[in-house]
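Asks:
Protein chains: 2
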Amino acid sequence: MARTQGSHSGITGPKIRETALRLFAQQGYAAVSMRQIAKDVGVQAGALYNYTPDKQSLLFSLMKGHMAELLAAWDAVPPAAGAMERLRTFTGFHIRFHQERPDAVFIAYMELRNLTAENFAVIETLRRDYENGVEGILKEGVEQGVFRISDTKIATLAVIAMLNGVNTWYRSEGRLSLDEVERVYWDMVQKAVSA
Amino acid sequence: MARTQGSHSGITGPKIRETALRLFAQQGYAAVSMRQIAKDVGVQAGALYNYTPDKQSLLFSLMKGHMAELLAAWDAVPPAAGAMERLRTFTGFHIRFHQERPDAVFIAYMELRNLTAENFAVIETLRRDYENGVEGILKEGVEQGVFRISDTKIATLAVIAMLNGVNTWYRSEGRLSLDEVERVYWDMVQKAVSA
DNA sequence: CTTTTATCTGAACGTTTGTTCAGTTACGGT
DNA sequence: ACCGTAACTGAACAAACGTTCAGATAAAAG
Chain A
1 MARTQGSHSG ITGPKIRETA LRLFAQQGYA AVSMRQIAKD VGVQAGALYN
51 YTPDKQSLLF SLMKGHMAEL LAAWDAVPPA AGAMERLRTF TGFHIRFHQE
101 RPDAVFIAYM ELRNLTAENF AVIETLRRDY ENGVEGILKE GVEQGVFRIS
151 DTKIATLAVI AMLNGVNTWY RSEGRLSLDE VERVYWDMVQ KAVSA
Chain B
1 MARTQGSHSG ITGPKIRETA LRLFAQQGYA AVSMRQIAKD VGVQAGALYN
51 YTPDKQSLLF SLMKGHMAEL LAAWDAVPPA AGAMERLRTF TGFHIRFHQE
101 RPDAVFIAYM ELRNLTAENF AVIETLRRDY ENGVEGILKE GVEQGVFRIS
151 DTKIATLAVI AMLNGVNTWY RSEGRLSLDE VERVYWDMVQ KAVSA
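Taken in order, these protein sequences are the chains called A and B. Counting from 1, position 73 in the first sequence corresponds to residue 73 in the numbering used here; the numbering is continuous, with no gaps. Counting from 1, position 138 in the second sequence corresponds to residue 138 in the numbering used here; the numbering is continuous, with no gaps.
#1: Pair every Cβ in the segment 30-44 of chain B with every Cβ in the segment 90-97 of chain B, then say whether three or more of these pairs are closer than 8 Å.
#2: In or out: Tyr49(B) buried (at least 16 other Cβ within 10 Å) or exposed?
#3: Between the segment 128-148 of chain A and the segment 171-191 of chain A, are three or more C-beta pairs nearer than 8 Å?
#4: Verify the CB distance criterion: does Ala108(A) have a CB-CB separation below 8 Å to chain B?
#5: For Gln56(B) and Gly6(B), what's the separation of their Cα atoms in angstroms?
#6: According to the Cβ coordinates, are Ala192(B) and Ala192(A) closer than 8 Å?
#7: With respect to the alpha helix (DSSP H) encompassing Ser7(B), which residues constitute its N-terminal and C-terminal limits?
#8: Taking Met110(B) as the reference, which of Arg3(B), Tyr29(B) and Arg22(B) has the closest Cα?
#9: Give the DSSP bridge partners of Phe147(B), in chain order.
#10: Going by Cα to Cα distance, which pick from Gly42(A), Gln27(A) and Leu87(A) is closest to Pro14(A)?
#11: I want to see whether chain B comes within less than 8 Å of Lys55(A), judged by CB atoms only; does it?
#12: Should Asp179(B) be flagged as near chain A, meaning a C-beta pair shorter than 8 Å?
#13: Name the chain A residues that come within less than 7 Å of Lys191(B), Cβ to Cβ?
#14: Using the rule of at least 16 other Cβ atoms within 10 Å of the residue's Cβ for burial, across every protein chain shown, is Ala117(B) buried or exposed?
#15: Can you tell me which of the three DSSP states Glu135(A) falls into?
#16: By the three-class DSSP mapping on this structure, what secondary structure does Leu178(A) have?
#17: Using a Cβ-Cβ distance under 8 Å, would Gln27(B) count as near chain A?
#18: So, helix, strand or coil for Arg183(B), using DSSP?
#19: Name the chain B residues whose beta carbon is nearer than 9 Å to that of Asn164(A)?
#20: Which first and last residues belong to the alpha helix (DSSP H) in which Glu197(B) is found?
#21: With H, G and I counted as helix, E and B as strand and the rest as coil, what does DSSP make of Pro53(B)?
#22: Going straight from the alpha carbon of Gly145(A) to that of Gln190(B), what length do you get?
#23: Write down the C-beta distance between Leu62(B) and Ala20(B) rounded to the nearest angstrom, noting that I regard them as a contact closer than 8 Å.
#24: Using the C-alpha atoms, what's the distance from Gly136(B) back to Leu58(A)?
#25: Could you tell me whether any Cβ in chain B is nearer than 8 Å to the Cβ of Val184(A)?
#26: Select from Leu138(B), Ser9(B) and Asp75(B) the residue whose C-alpha is nearest the C-alpha of Met84(B).
#27: If you follow the alpha helix (DSSP H) that Val43(A) is part of, which residue opens it and which one closes it?
#28: Check the Cβ of Ile37(A) against every Cβ in chain B and list those closer than 9 Å, keeping chain order.
#29: Apart from the five residues on each side of it in sequence, which residues of its chain come closer than 8 Å, Cβ to Cβ, to Trp186(B)?
#30: In terms of residues, what are the limits of the alpha helix (DSSP H) holding Val166(B)?
#31: Scan the segment 139-160 of chain A for residues whose Cβ lies nearer than 9 Å to a Cβ of chain B and list them as they occur along the chain.
As structure tokens, then:
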């Protein structure tokens, strides 16, 4: 056999990325074989190499894509007036964006050690960009006197870490709606940074 | 060759556990081979099986040991008077305990998916015990009127997630001392849960 | 000193790994 | 209807995987 019916790079390509994302998140990069990805896609292992030069590039591409999406999405959010409202907007944005992509988030935070040094540096820069955006809000709030924060860098990381925690337990069919989650977290974030 | 000079289970045993802990944390369970652990210990791969029935048991033993240590250490801390002071004590304890064992913490939170279902259940119960201890403090504070929390379960997870974040960036030779870190985080935790 | 036992080696096992590639077939354009 | 090429198969490769075990040697016990 050879080329299969209905085969099309516009279909197989995304399918490979989706499958790899899901499996990497579930089992971890190192624990997933190329053959397993291929099997889930419905193709032989060799076919994967029409879409990625190797396994490492596949991981890197997924992570980079996620970070780029994250930054672009946050860029697209119209900035509210005042640091307090900007932070509230960010809190909601972060919770919702991450809740929609649990697998990508998981990978972006857990598979950094499986990147080559070169690829790691790229992802790290993108993450730093995101963090800097948040720190900008906090700094602005401190200058305006609406926030009281002893160290904006740490506060940035603390806020993000707290919000990331949502992904470890939130399930859409669970006890709380996303609106409620957002409200509860905003209450805590707001108080944590306020004067 | 066979038994080597100076060989002793009291030395090799702990050495294997330390090495496995470090390598699992650095590269991930699936990415570390038994041969790599053995090489770092200075022994042949077969020798490892005098100390663990298999690789999975080694991981489980490390995780269970860590969780048991964590619970015992927190149990040993004398409970302060009042929910506010108890929470402050917890914040300091959690930051310091985890800072002293970055590798074990990393594994306990990242390698859960590599446990068999049976082993996973055990670790999950231990973690739940720890979380329940924190939630107890928060509930008490709410009853006493010193805390205002809309959902103590979520607040528990949020506080722990925030504190766990320290491990992702803290380095002992860094900008801030551990005392400063503790102070900064306590400020945020305290405000986040206060009325 | 002799015997027993704990500890480790070194080779071997069957599987699985990432990756390559010649060959084959379906699709897209003309 | 035909052709060029994009897409895929199936087999193959060397290397690495977890695990087992008979045999060898150092340590501990008598």
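All C-beta atoms, glycine included, are put in the ideal place defined by N, C-alpha and C. Bear in mind the structure is a predicted one, so any value in this text is a computation, not a measurement.
Replies: From the atom records:
#1: no
#2: exposed
#3: no
#4: no
#5: 28 Å
#6: yes
#7: Premise fails: Ser7(B) is in no alpha helix (DSSP H) and is neither H nor E.
#8: Tyr29(B)
#9: Ser194(B)
#10: Gly42(A)
#11: no
#12: no
#13: Lys191, Ala192 and Ser194
#14: exposed
#15: helix
#16: helix
#17: yes
#18: helix
#19: Ala161 and Gly165
#20: Beyond the ends of chain B as shown, which are 1 and 195, falls residue 197(B); an answer cannot be given.
#21: coil
#22: 20 Å
#23: 6 Å
#24: 45 Å
#25: yes
#26: Leu138(B)
#27: Segment: none, Val43(A) is in no alpha helix (DSSP H) and carries neither H nor E.
#28: By Cβ distance, chain B contributes nothing, its closest Cβ being about 15 Å from Ile37(A), past 9 Å.
#29: Arg88, Thr91 and Gly92
#30: Val166 to Trp169
#31: Arg148, Ile149, Ser150, Asp151, Lys153, Ile154, Ala155, Leu157, Ala158, Val159 and Ile160
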